[in-house]
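Numbering (the working numbering), first residue to last: 30 to 173. Since the structure comes first, as structure tokens, the remarks are kept for the end.
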């Protein structure tokens, strides 16, 4: 039921679109279909279902907040610790997350509210985007 909906919500970093349906997000954002979305997960246990974290970086992944990790398999994940965002994530376990704007454009509240199925209030202002690290088996590189 909720798995096919697109939500507009305050994520841990910014106002964003959240859904388990990547095709709907791609259509809304008018984004190239080959680009991956960040998968937000509610716990490390859920993260284990998707990817294996290299042993050297398990503590960094566990302790990091507002940080996205690109795993060796090429997919990106962020473990959410923000209480407000976890209220939704605990029901869904995982979601694709992206900023609430057209690809490459700034946030427009009217556009964002028209394109979603469910709006979760309160929507605060946009803040800084998450840090992104690319993890290899033996190396780590800061992307953003």
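Note that beta-carbon positions come from the ideal geometry of N, C-alpha and C, so glycine has one too.
Rounded to the nearest whole angstrom, the C-alpha separation of residue 35 and residue 87 is 31 Å.
Around residue 46, the same chain offers 35, 36, 37, 54, 57, 58, 126, 127, 128, 129, 141, 144, 145 as residues with beta carbons nearer than 8 Å, after the five sequence neighbours per side are excluded. With respect to residue 43, residue 136 sits close: the two C-beta atoms are nearer than 9 Å.
A direct Cα-Cα distance of roughly 20 Å separates residue 110 from residue 163. Counting C-beta atoms within 10 angstroms of its own C-beta, residue 69 has 16 or more neighbours from the protein chains shown and is therefore classed as buried. Runs of the alpha helix (DSSP H) spanning 4 or more residues and lying entirely within the segment 55 to 136 occur at 73 to 79, 87 to 92, 112 to 121, in chain order. Under DSSP, residue 48 shares a beta bridge with 35, 125.
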